[in-house]
Amino acid sequence: FVEDRTDSTGLSCRACEPGTFSVELHDDKGLTHVCKPCPPGSIQPSGAATSCDPCHAGEYQDAFGQPSCIRCQQGRYQNSGEQRSCKMCPNATTTLGFGSISIEDCGCETGNINMASEGLQCVACGEGIVCPF
């Protein structure tokens, strides 16, 4: 973006940086393009883009102008795209890894067993019993 566009001698365009996208700007000096940061929940991994890409389920982005999404940490999940954060698994539950996409990926923490026929009801294992995750 150049403030004075009346004389185009020496002016050149540059591609937007990763994490940003190009939008048209019409003002009293004419038409130009400006780079805007991608909003949280979206990213742009390459330059010269005209839009941002949404983060997918299992990932998030909480900052403006980022080139990549962040996978949900262990113990968290995200079942929707374009989000700023991940959801925590219910109390005493966790996930096996990163990037979980459903609350159903949450299971009882080590040393606990699920006693519910549906959903989760984690109970500590008795003494001498080894419970799987």
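To convert, note that position 22 of the sequence shown is 16 in my numbering; the numbers rise steadily by one, no gaps. Think of the CB as a built atom: it goes at the ideal place given N, C-alpha and C, for glycine as much as any other residue. It should be emphasised that the depicted structure is a prediction, and the values quoted were computed from it without experimental measurement.
What's the gap between the Cα of residue i and the Cα of residue j?
i, j, result
"Ser96", "Cys49", "15 Å"
"Phe(-5)", "Ser40", "Annotation note: pLDDT 49 at Phe(-5) (below 50); position unreliable, coordinate value reported separately. Cα-Cα distance, rounded: 19 Å."
"Ile107", "Gln60", "40 Å"
"Lys30", "Gln115", "47 Å"
"Gln38", "Thr104", "38 Å"
"Val124", "Ala118", "10 Å"
"Thr89", "Asp99", "6 Å"
"Leu25", "Ser94", "44 Å"
"Val17", "Ala9", "12 Å"
"Lys23", "Asn85", "58 Å"
"His20", "Gly113", "55 Å"
"Gly13", "Ser74", "21 Å"
Let me make sure I understand the geometry here. Which of the options has the alpha-carbon closest to that of residue i?
i, options, result
"Ile64", "Cys46, Asn85, Ser36 and Thr87", "Ser36"
"Cys66", "Ala86, Gly91, Val28 and Ser16", "Gly91"
"Thr87", "Cys7, Gly101 and Ser94", "Gly101"
"Cys7", "Gly13, Leu19 and His27", "His27"
Is the CB of residue i under 8 Å away from at least one CB in chain D?
i, result
"Ser74", "Protein chains in the displayed structure number just one, and chain D is not present."
Am I right that residue i and residue j are in contact with their C-beta atoms under 8 Å? What's the rounded C-beta distance?
i, j, result
"Ala43", "Gln72", "About 23 Å; that fails the 8 Å criterion."
"Gly69", "Cys83", "5 Å"
Checklist entry - Are the stretch 78 to 93 and the stretch 54 to 61 touching, with three or more C-beta to C-beta distances below 8 Å? => result Flag = yes, the stretch 78 to 93 and the stretch 54 to 61 touch.
Checklist entry - Unbroken beta strand (DSSP E) runs of length 3 or more, entirely within the stretch 27 to 69: which are they? => result With a minimum length of 3 residues, no continuous beta strand (DSSP E) run stays inside the stretch 27 to 69.
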